[in-house]
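Report on one structure; see the data block that follows.
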Amino acid sequence: MVGDYTRRQLQAEVNNTIRLHTLDYIDGNAQGGRLTPKLIGFQTLPERQFFDLFCSVDGVGVKKALRAMVRPVHELAVYIEQQDAKQLSALPGIGPATSERIIAKLRRKMPRFALMVARSEIAEVMDGAAGVAGDTFDALLALGHSEADARKLIDEAVESGKKFKDTEAMLTAIYQKRQ
């Protein structure tokens with residue numbers, strides 16, 4: 000099983016070998032004796048980690064979380080971080096009360112996920128250095144920037160189209176632009 004967004008991404012990979020990060024769970028009713036092991040696949044480890052966090056919210060189980068995964072993880076993380084209950088409520092299976100619980104529990108855990116960039120953008124812009132944005136985010140926080148400011152600075156750097164081989168290169172570009 001995969002989420003709807005992942006399914007759409009994988010449609011372009013027909014006849015190609017792919018790698019998925021999996022999560023296993025038991026589905027069914029223990030009292031009825033109909034327990035079935037199931038696997039859920041994710042394209043990246045951070046997507047799987049986000050899913051684990053999402054499922055940790057009261058009232059959001061594996062099935063509901065999987066149904067709600069119709070947008071990229073970074074978009075969902077931004078909705079949560081910006082406390083956008085309206086956008087969260089628009090997800091399949093997520094109502095207003097559930098969206099408020101999601102925001103309350105996960106809001107402070109979203110900055111790293113909100114920084115995620117689509118796989119194609121990572122390849123184009125950062126030449127495969129997926130960890131550069133996360134490391135730069137941590138460095139900006141250590142330098143005294145707020146989470147929102149750090150995310151904004153990294154977004155601007157990525158949108159510039161430059162390729163960053165390491166954290167130092169990205170930090171240099173960020174601070175040169177600010178002068």
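Under numbering that gives the first Met the number 0, the first residue of the sequence shown is numbered 0, with each subsequent residue one higher. For each residue, glycine too, the CB sits at the ideal point set by N, CA and C. Values in this document were obtained by computation on a predicted structure and should not be read as measured data.
(message) Quick check on the burial criterion: 16 or more other C-beta atoms within 10 angstroms. Buried or exposed for Met97?
(response) Position 98 of the sequence shown holds residue 97. Correcting the residue identity first, residue 97 is Thr in this sequence and not Met. Under this definition Thr97 is a buried residue.
(request) Kindly confirm or deny that the segment 21-29 and the segment 39-54 touch, where touching means at least three C-beta pairs closer than 8 Å. (result) Because the criterion of three Cβ pairs below 8 Å is met, the segment 21-29 and the segment 39-54 touch.
(request) Could you tell me which residues DSSP puts in a beta bridge with Asp23? (result) As a position in the sequence shown, residue 23 is number 24, starting the count at 1. BP columns for Asp23 point to Leu38.
(message) DSSP three-state label for Arg33, please.
(response) Position 34 of the sequence shown, counted from the first residue, corresponds to residue 33. In this structure, Arg33 counts as strand in the three-state DSSP scheme.
(request) Give the straight-line distance between the Cα atoms of Tyr78 and Gly27, rounded to the nearest whole angstrom. (result) The residue given as residue 78 occupies position 79 in the sequence shown. The residue given as residue 27 occupies position 28 in the sequence shown. Here the C-alpha atom of Tyr78 lies approximately 31 Å from the C-alpha atom of Gly27.
(request) Using the Cα positions of Arg33 and Val61, report the straight-line distance between them to the nearest angstrom. (result) Here residue 33 refers to the residue found at position 34 when the sequence shown is read from its first residue. Here residue 61 refers to the residue found at position 62 when the sequence shown is read from its first residue. Between the C-alpha atoms of Arg33 and Val61 there is a straight-line separation of about 17 Å.
(request) Please state whether DSSP places Val1 in a helix, a strand or coil. (result) As a working note, residue 1 is residue 2 in the sequence shown. Residue state, collapsed to three classes: strand.
(message) Looking only at its chain, what residues have a beta carbon closer than 7 Å to the beta carbon of Ala67, apart from the 5 residues adjacent to it on each side?
(response) Counted from its first residue, the sequence shown places residue 67 at position 68. For Ala67, the CB contacts under 7 Å within the same chain, skipping 5 residues up- and downstream, are Leu90, Pro91, Gly92, Ile93 in chain order.
(message) Please identify the residue among Pro36, Asp165, Asp148, Gln42 whose C-alpha is closest to the C-alpha of Glu12.
(response) As a first step, residue 12 must be located in the sequence shown, where it is residue number 13. Looking at the Cα atoms, Gln42 is the closest of the given residues.
(request) Write down the C-beta distance between Arg106 and Glu80 rounded to the nearest angstrom, noting that I regard them as a contact closer than 8 Å. (result) The sequence position of residue 106 within the sequence shown is 107, counting from 1. The sequence position of residue 80 within the sequence shown is 81, counting from 1. Between Arg106 and Glu80 the beta-carbon gap is near 6 Å, inside 8 Å, which marks them as a contact.
(request) Pull up the DSSP beta-bridge partners for Asn15, would you. (result) Residue numbering aside, residue 15 sits at position 16 when the sequence shown is read from its first letter. Answer by DSSP bridge pairing: none, since Asn15 is not bridged.
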